[in-house]
Amino acid sequence: MKKLLKGLMVTALAFTMCACSSSNDDSTSDTEVVTITVAVSPDYAPYESLDTDGETIVGFDADMVALFPSYINTDDTTYVFEWYNMSFENIVTQIQAGQADIGVSGFTYDESRKVAWSEPYLGTAQVAVVAADSDIETVDDLKGKTIAAQSGATGEEAANAIEDANVVSVSNVQEIFTSLTSGQYDAVVVDSGVAQNYANAQGFKVLDEVLMDEKNYIIAKEGNDEMIELINTCIEQFLASDDYQELCDKWGLTPLED
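Sequential numbering of the sequence shown, starting at 88, is according to our numbering.
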């Protein structure tokens, strides 16, 4: 598997998620180790973010991918998932160039993204978030307001659909919410799980109305059917496991509806 080009921020060893078997002193072992590189933008809690030490990726997606090797490892093959940290808008480019095998970063479907899509693994929606003391109460109140969304995300599309909105694209979601706190924006548009995470932690208000219903997916390079088939196998087993609902509850995200 190809590694990322020089210049990308390579994550520390702590970012590597794997489920390798215990060490084996038998030098004649024929077990093949397959490394799958995972592009991620760890600024999207509760999907993925850095822990308080800034060294390890934590979140729903990290916990999910940590389970994947247990679904697909065999006596002959051990899969290791290595995380590579970059800005969200660069993930698709790196996937298309073959510099990363998959992208796992709270992706929602967008036909303009020329990538291969896995089966969905979560339900979500684009929603608007405002300051706790804002007089904005409904989506209709957002008309003509200054609204921030993550660049390259479908939240941009949802924000641009608001009548006369002045949409500002920002690469880092954490910076978006910092600026919302300071009053730089009237509202921000993000995934519902992210919105609720920040609302719970910092007292923001999430508007009740949904701007766009969506689902979350993993992406790979167009034509890489083998990779998508492998990831779909993982997702299928994950959705059928007890771990799925436990992680949805743990991170406050929405399971797929039957």
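Just so you know, even glycine gets a beta-carbon here, dropped at the ideal spot from N, CA and C.
Out of curiosity, what's the CA-to-CA distance linking residue i and residue j?
{"i": "A274", "j": "E344", "result": "29 Å"}
{"i": "D336", "j": "N259", "result": "25 Å"}
{"i": "G185", "j": "V121", "result": "16 Å"}
{"i": "Y158", "j": "I223", "result": "46 Å"}
{"i": "P352", "j": "T241", "result": "Because residue 352 is not part of the residues shown, which for the chain are 88 to 345, the question remains open."}
{"i": "V277", "j": "L294", "result": "11 Å"}
{"i": "A246", "j": "V257", "result": "12 Å"}
{"i": "G231", "j": "Q261", "result": "24 Å"}
{"i": "V297", "j": "D117", "result": "52 Å"}
{"i": "L100", "j": "E169", "result": "Annotation note: pLDDT 32 at L100 (below 50); position unreliable, no value reported."}
{"i": "Q213", "j": "F264", "result": "15 Å"}
{"i": "Y196", "j": "Y304", "result": "7 Å"}
{"i": "A153", "j": "A327", "result": "16 Å"}
{"i": "T139", "j": "V281", "result": "18 Å"}
{"i": "P47", "j": "V167", "result": "Outside the displayed span of the chain (88 to 345) sits residue 47, for which this structure offers no information."}
{"i": "G270", "j": "G193", "result": "26 Å"}
{"i": "E243", "j": "I315", "result": "26 Å"}
{"i": "D220", "j": "T161", "result": "55 Å"}
{"i": "T350", "j": "N172", "result": "Residue 350 is absent from the model: the chain starts at 88 and stops at 345."}
Quick one: what does DSSP say residue i is sitting in, helix, strand or coil?
{"i": "E142", "result": "coil"}
{"i": "Y171", "result": "strand"}
{"i": "V275", "result": "strand"}
{"i": "A215", "result": "strand"}
{"i": "L137", "result": "strand"}
{"i": "L334", "result": "helix"}
{"i": "A132", "result": "coil"}
{"i": "S328", "result": "coil"}
{"i": "E316", "result": "helix"}
{"i": "A362", "result": "Since the first and last residues shown for the chain are 88 and 345, residue 362 lies out of range."}
{"i": "E344", "result": "coil"}
{"i": "V125", "result": "strand"}
{"i": "T164", "result": "strand"}
{"i": "T180", "result": "helix"}
{"i": "E323", "result": "helix"}
{"i": "V202", "result": "coil"}
I'd like to know whether the C-beta atoms of residue i and residue j end up nearer to each other than 9 Å.
{"i": "T211", "j": "S279", "result": "yes"}
{"i": "D188", "j": "E119", "result": "no"}
{"i": "W204", "j": "I322", "result": "no"}
{"i": "S136", "j": "I123", "result": "no"}
{"i": "E333", "j": "G239", "result": "no"}
{"i": "K302", "j": "A218", "result": "no"}
{"i": "L340", "j": "P133", "result": "yes"}
{"i": "M151", "j": "Y208", "result": "yes"}
{"i": "K308", "j": "I178", "result": "no"}
{"i": "V125", "j": "V202", "result": "no"}
{"i": "A62", "j": "Y272", "result": "This structure does not reach residue 62, given that the chain is present from 88 up to 345, and the question cannot be answered."}
{"i": "E206", "j": "N319", "result": "yes"}
{"i": "Q237", "j": "Y131", "result": "yes"}
Does the beta-carbon of residue i have 16 or more other beta-carbons within 10 angstroms, so that it is buried, or is it exposed?
{"i": "N287", "result": "exposed"}
{"i": "S108", "result": "Any reading at S108 must be qualified, since the residue scores a pLDDT of 34, below 50, and its modelled position is unreliable; the value itself is stated next. Per the 10 Å Cβ criterion, exposed."}
{"i": "N253", "result": "exposed"}
{"i": "E198", "result": "exposed"}
{"i": "E313", "result": "exposed"}
{"i": "D148", "result": "buried"}
{"i": "G141", "result": "exposed"}
Inside the segment 219-270 only - alpha helix (DSSP H) runs reaching at least 4 residues: 241-247 and 260-268
Whole alpha helix (DSSP H) elements within the segment 276-306, 4-residue minimum: 279-289
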